[in-house]
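Sequence order for the protein chains is Z and P. Under the numbering used here, residues 194 to 333 are what the first sequence spells out, in order. Under the numbering used here, residues 194 to 333 are what the second sequence spells out, in order. All residues carry an ideal CB built from backbone N, CA and C; glycine is no exception. Fair warning: this is a prediction, and the values are worked out from it, not measured in the lab.
There are 2 protein chains.
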Amino acid sequence: MSEERATQLEQALRAAGVRVTRQRAALLRVIAASDDHPDAAELHARAEKAGVGVSLATVYRTLTTLQAQGVIEKLEFQGEPARWEAADQTHHDHMIDLDTGEVMEFTNERIERLQAEIAAEMGYDIVHHRLELYVRRRRD
Amino acid sequence: MSEERATQLEQALRAAGVRVTRQRAALLRVIAASDDHPDAAELHARAEKAGVGVSLATVYRTLTTLQAQGVIEKLEFQGEPARWEAADQTHHDHMIDLDTGEVMEFTNERIERLQAEIAAEMGYDIVHHRLELYVRRRRD
DNA sequence: ATGTCTGCAAAAGATTTGCAACCAG
DNA sequence: CTGGTTGCAAATCTTTTGCAGACAT
């Protein structure tokens, strides 16, 4: 399933004039198989574990390329290296548990709408936004 | 006005057991006098321009200290060095013009409430959050 | 007096880049 | 074949830190 998704993306990349190298194909699969939010070093480790040699420099370059192609999204949580996630899901924001480091996803249509309204009122269009809730489990 | 604010903060710092050195007093004034969102290098430059010698290392250390005291807040916009702002204003979020780099502030009570509701529904309390709108001026 | 702060220079951590060899289309 | 890619190592950029001397209280 994530395997076919990866293959599907390869077509799109080639169509966009981006060469599908051994390294890129591997990273595409590693990302498609990840349901968490790995950083560059972690993706590098997973590719190696999958038996594909890739340099860390190439991992960074590939991430930038895939982001430009709209295949992945970059997440920058407070004070940690950037993390990445597949961009095929529907839009969502993140909630980070400060105690466990766990990252959860959520969506709220009303917030999205309000944001657009605020920008519009001030004469702007939103290109993208970032909403992160840093939380702690409620203890009662 | 920002001058008295700075003096006022010095009292609070001393009361909290934080020594008010020449460097800290200067940075306090530079920050109180800034209505934009300067980064460490910029604050360093402004302090120097004000005639107070401070090392960049001390600027960083001081910013961390002032943040811990709740005097300033750290802003981390996409891919730029961290910026800082005085924490005396009421809470607000930021809107960044991608073309000009201009940073604007806004507040929306409804969004704040919705965020709290979302966290509560999932069993969490919000410690702090980050909402940034990356925008482009609407052209019609 | 004394424990906190500072400056300097070196270190650290994440990410980027120059260049020669390599390989996808 | 040939220009886009890669690996390596070095460079960059921001921020942090060890240490010895300086200073606020």
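- Within chain Z, no residue has its beta carbon less than 9 Å from that of I224(P); the closest one is some 21 Å off.
- Against chain P, the CB of R331(Z) has a partner CB under 7 Å away; the residue lies at that interface.
- In the three-state DSSP reduction, V252(P) falls in the helix class (H, G or I).
- Separation of V252(Z) and T258(Z) (C-alpha to C-alpha, rounded to the nearest whole angstrom) is 10 Å.
- Rounded to whole angstroms, the Cβ separation of H230(P) and E278(P) is 5 Å, and the two are in contact under 8 Å.
- With respect to I319(Z), V328(P) sits close: the two C-beta atoms are nearer than 7 Å.
- Taken in chain order, the complete alpha helix (DSSP H) segments of 4 or more residues contained in the segment 248–306 of chain P are 249–261.
- Using a CB distance cut-off of 7 Å, G263(P) does not count as an interface residue toward chain Z.
- Taken in chain order, the whole alpha helix (DSSP H) runs of length 4 or more contained in the segment 205–251 of chain P are 215–226 and 233–242.
- In this chain, R332(P) is not harboured by any beta strand (DSSP E), its DSSP state being neither H nor E.
- Selection E295(Z), L220(Z), F270(Z) and L291(Z) evaluated against Q260(Z) yields L220(Z) as nearest (Cα-Cα).
- Residue pairing for L326(P): DSSP places it in a beta bridge opposite H322(Z) and M288(P).
- Interface annotation, I289(Z): not in contact with chain P, CB-CB separation never under 7 Å.
- Here L256(P) is buried, its C-beta having at least 16 other C-beta atoms within 10 Å.
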